[in-house]
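Peer 1: Just so we're aligned: 359 in my numbering is position 207 of the sequence shown, and the numbers increase by one with no gaps anywhere. Even for Gly, the Cβ is constructed at its ideal location relative to N, Cα and C.
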Amino acid sequence: MTHVLVTGGAGFIGCNFVRHLVRETDVRVTVLDKLTYASSEASLADLPADRVRLVVGDIVDEGLVDGLVATADVVVHFAAESHNDNSLTGPRIFVQTNIVGTFTLLEAVRRHDVRFHHVSTDEVYGDLELDDPDRFTEHTAYNPSSPYSASKAASDHLVRAWVRSFKVRATISNCSNNYGPWQHVEKFIPRQITELIEGRAPRVYGAGANVRDWIHADDHSSAVWRIITAGRIGETYLIGADGEQSNLEVVRHLNVLFDRDPDDFVQVADRAGHDLRYAINSTRLRSELGWRPRHENFHDGLARTVTWYREHEDWWRPVKAATEATYAQKGH
153 MTHVLVTGGA
163 GFIGCNFVRH
173 LVRETDVRVT
183 VLDKLTYASS
193 EASLADLPAD
203 RVRLVVGDIV
213 DEGLVDGLVA
223 TADVVVHFAA
233 ESHNDNSLTG
243 PRIFVQTNIV
253 GTFTLLEAVR
263 RHDVRFHHVS
273 TDEVYGDLEL
283 DDPDRFTEHT
293 AYNPSSPYSA
303 SKAASDHLVR
313 AWVRSFKVRA
323 TISNCSNNYG
333 PWQHVEKFIP
343 RQITELIEGR
353 APRVYGAGAN
363 VRDWIHADDH
373 SSAVWRIITA
383 GRIGETYLIG
393 ADGEQSNLEV
403 VRHLNVLFDR
413 DPDDFVQVAD
423 RAGHDLRYAI
433 NSTRLRSELG
443 WRPRHENFHD
453 GLARTVTWYR
463 EHEDWWRPVK
473 AATEATYAQK
483 GH
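(1) Would you call valine 207 buried or exposed, if buried means 16 or more other Cβ atoms sit within 10 Å of its Cβ?
(2) Taking only three categories from DSSP, how would you classify valine 403?
(3) Can you name the start and end residues of the beta strand (DSSP E) that serine 398 belongs to?
(4) Taking the beta carbon of glycine 160 as the centre, do at least 16 other beta carbons fall within 10 Å, making it buried, or is it exposed?
(5) Taking the alpha-carbon positions, what's the glutamate 476 to proline 342 distance?
(6) Rank His426, Leu437 and Gly442 by C-alpha distance to the C-alpha of proline 299 and give the top, closest one.
(7) Starting from aspartate 225, trace the alpha helix (DSSP H) both ways and give me its first and last residue.
(8) Which runs of the beta strand (DSSP E) fall wholly inside the segment 173-240 and span at least 3 residues, in chain order?
(9) Evaluate contact between the segment 381-394 and the segment 347-359, counting only Cβ atoms and requiring at least three cross-stretch pairs below 8 Å.
(10) Start and end of the alpha helix (DSSP H) containing aspartate 411?
(11) Which word fits isoleucine 345, buried or exposed, when buried means at least 16 other C-beta atoms lie within 10 angstroms of its C-beta?
(12) Between the alpha carbons of tryptophan 314 and alanine 305, how many angstroms are there, rounded?
(13) For a quick check, are the C-beta atoms of serine 191 and glycine 209 less than 8 Å apart?
(14) In the structure shown, what three-state DSSP assignment does leucine 257 receive?
(15) Could you give the distance in angstroms between the alpha-carbon of histidine 447 and the alpha-carbon of tryptophan 460?
(16) Contact defined as beta carbons within less than 8 Å: I believe asparagine 236 pairs with arginine 423. What is the distance between those atoms, to the nearest angstrom?
(17) Could you give the uninterrupted runs of the alpha helix (DSSP H) lying entirely in the segment 244-313, keeping only those of 4 residues or more?
(18) In chain order, which continuous runs of the beta strand (DSSP E) of length 3 or greater are located wholly inside the segment 314-347?
(19) Mark histidine 229 as exposed unless 16 or more other C-beta atoms lie within 10 angstroms of its C-beta, in which case mark it buried.
(20) Using CA coordinates, which residue listed in Val181, Val174 and Leu454 is at the minimum distance from proline 333?
(21) Check whether the Cβ atoms of valine 247 and valine 204 lie closer than 8 Å to each other.
(22) Kindly indicate which three-state DSSP category isoleucine 380 falls into: helix, strand or coil?
(23) For leucine 390, which three-state DSSP category applies?
(24) Below 7 Å CB to CB, which residues in the same chain sit around cysteine 167 once its five sequence neighbours on both sides are set aside?
(25) Just the Cα atoms here: how many angstroms apart are tyrosine 479 and serine 239?
(26) Looking at C-alpha atoms only, which residue of Gly360, Ile380 and Glu387 is the closest neighbour of leucine 400?
(27) On the DSSP bridge list, what partners appear for tyrosine 357?
(28) For valine 158, which residues does DSSP report across the bridge?
(29) Does the count of Cβ pairs from the segment 366-373 and the segment 407-424 closer than 8 Å reach three?
(30) Closer than 8 Å by C-beta to proline 200: which residues in its own chain qualify, once you throw out the five before and the five after it? Chain order, please.
(31) Can you tell me the Cα-Cα spacing of aspartate 286 and aspartate 185, whole angstroms?
(32) How would you write the range of the beta strand (DSSP E) that arginine 364 sits in, first residue to last?
(33) Distance, Cα to Cα, glutamate 463 vs aspartate 265?
(34) Does the distance from the CB of valine 217 to the CB of valine 181 come in under 8 Å?
(35) Per DSSP, which one or two residues make a beta bridge with histidine 368?
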């Protein structure tokens, strides 16, 4: 593989993956990104122009997608509408991007016989009880609970159908919650970090009991590339770093990093349909492909993320006020 097409490569997880490719491989990268509010040219601006090219466009644009796929050795599909709160107030764009967009890409890779990797989420499985000893596996039944997770579940099913019906050379990964640099301030961890930088207490939905299985975006990137280079066609791999933390624990970690009382936070109204717990069993990825996360200490990874947001205020400050205004309208 010498040329990789990355959809959504100017967004949070996508740009971290592009950076991983630049650091760890010799491939050329074309990024196809719509440059919605959650992505930015700045996330790629410092990368070498002879290695990374940005094409601004929509994954539902059949002509544009077809031309780009025809020149690629592999398509890595990160592009998605992904914010649960937004899917509750405006679900249509989630159907259009996550389902129709994935269909458009699948048809293009089918025409040109190009390797395809589909990046999905653990949210397609619904949630687990706090005391459930089990974790999600590749065989867990789908049970999405929001328009976002339902649209991602639908896109997963499309990929599997195209593998079986049309012999498309594809793999799927379902990953747990990511954290790290370049994440939009509407998301949980960067929202709390930027609130603390501005001198305000962090916010917690409800009692803060909801548990997420956190993984650093760098580890997600290395896992995706490992699946692309060594995974078995038609298989699904779950990506996780054994990083279960409740929202309350995350906020307490952050308060400590800012030398504040761990319990100095504001409780806000809970989100509708808020999943209780996600937990990933990544045994297949680790045993079959030999992958392991580098950022296994969540507190250390969180500290590095705080440092990044302190050093990149010019990147997030222009959108912070508007983000908080939107949350205020929702009572959050």
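Peer 2: Reading it off the structure:
(1) In summary, valine 207 is exposed, with fewer than 16 beta-carbon neighbours lying within 10 Å of its beta-carbon over all protein chains present.
(2) In this structure, valine 403 counts as helix in the three-state DSSP scheme.
(3) Serine 398 -> beta strand (DSSP E) spans 396-398.
(4) When all chains shown are included, glycine 160 counts as buried.
(5) Looking at the two C-alpha atoms, the distance is approximately 12 Å.
(6) Among His426, Leu437 and Gly442, the Cα nearest to that of proline 299 is on His426.
(7) In the DSSP annotation of this structure, aspartate 225 is not part of any alpha helix (DSSP H), being labelled neither H nor E.
(8) Counting only runs of 3 or more, we get 180-185, 204-208 and 226-229.
(9) Touching, no, given that fewer than three Cβ pairs across the two stretches are closer than 8 Å.
(10) Counting along the chain, aspartate 411 falls outside any alpha helix (DSSP H), and DSSP gives it neither H nor E.
(11) Isoleucine 345 should be labelled buried.
(12) The alpha-carbon separation between tryptophan 314 and alanine 305 amounts to approximately 15 Å.
(13) No, Cβ-Cβ distance for serine 191 and glycine 209 is not below 8 Å.
(14) In the three-state scheme derived from DSSP, where H, G and I count as helix and E and B as strand, leucine 257 is classed as helix.
(15) Our two residues, histidine 447 and tryptophan 460, have alpha carbons roughly 15 Å apart in a direct line.
(16) Yes, they are in contact, since the Cβ atoms of asparagine 236 and arginine 423 sit about 7 Å apart, within 8 Å.
(17) Runs of the alpha helix (DSSP H) inside the segment 244-313: 253-264.
(18) The segment 314-347 contains these whole beta strand (DSSP E) runs: 322-327.
(19) Histidine 229 is buried by the Cβ-count criterion.
(20) Of the listed residues, the one whose Cα sits closest to proline 333 is Leu454.
(21) No Cβ-Cβ contact shorter than 8 Å links valine 247 with valine 204.
(22) Residue state, collapsed to three classes: helix.
(23) In the three-state reduction of the DSSP assignment, leucine 390 falls in the strand class, which pools E and B.
(24) Cβ-Cβ distances below 7 Å link cysteine 167 to Gly161, Ser195, Leu196 and Trp334 in the same chain, with the five nearest sequence neighbours on each side left out; the list follows chain order.
(25) For tyrosine 479 and serine 239, the distance between alpha carbons rounds to 14 Å.
(26) Residue Gly360 is the option with its Cα nearest to leucine 400.
(27) Its beta-bridge partners are Val420.
(28) Val183 and Val228.
(29) In short, these stretches do not touch, since the Cβ pair count stays below three.
(30) Closer than 8 Å at the Cβ level, and outside the excluded window around proline 200, lie Val174.
(31) Answer to the nearest angstrom: the Cα atoms are 37 Å apart.
(32) Where arginine 364 is concerned, the enclosing beta strand (DSSP E) starts and stops at 363-365.
(33) One Cα belongs to glutamate 463, the other to aspartate 265, and the distance between them is close to 43 Å.
(34) Contact flag unset, no.
(35) Beta-bridge pairing links histidine 368 to Tyr331.
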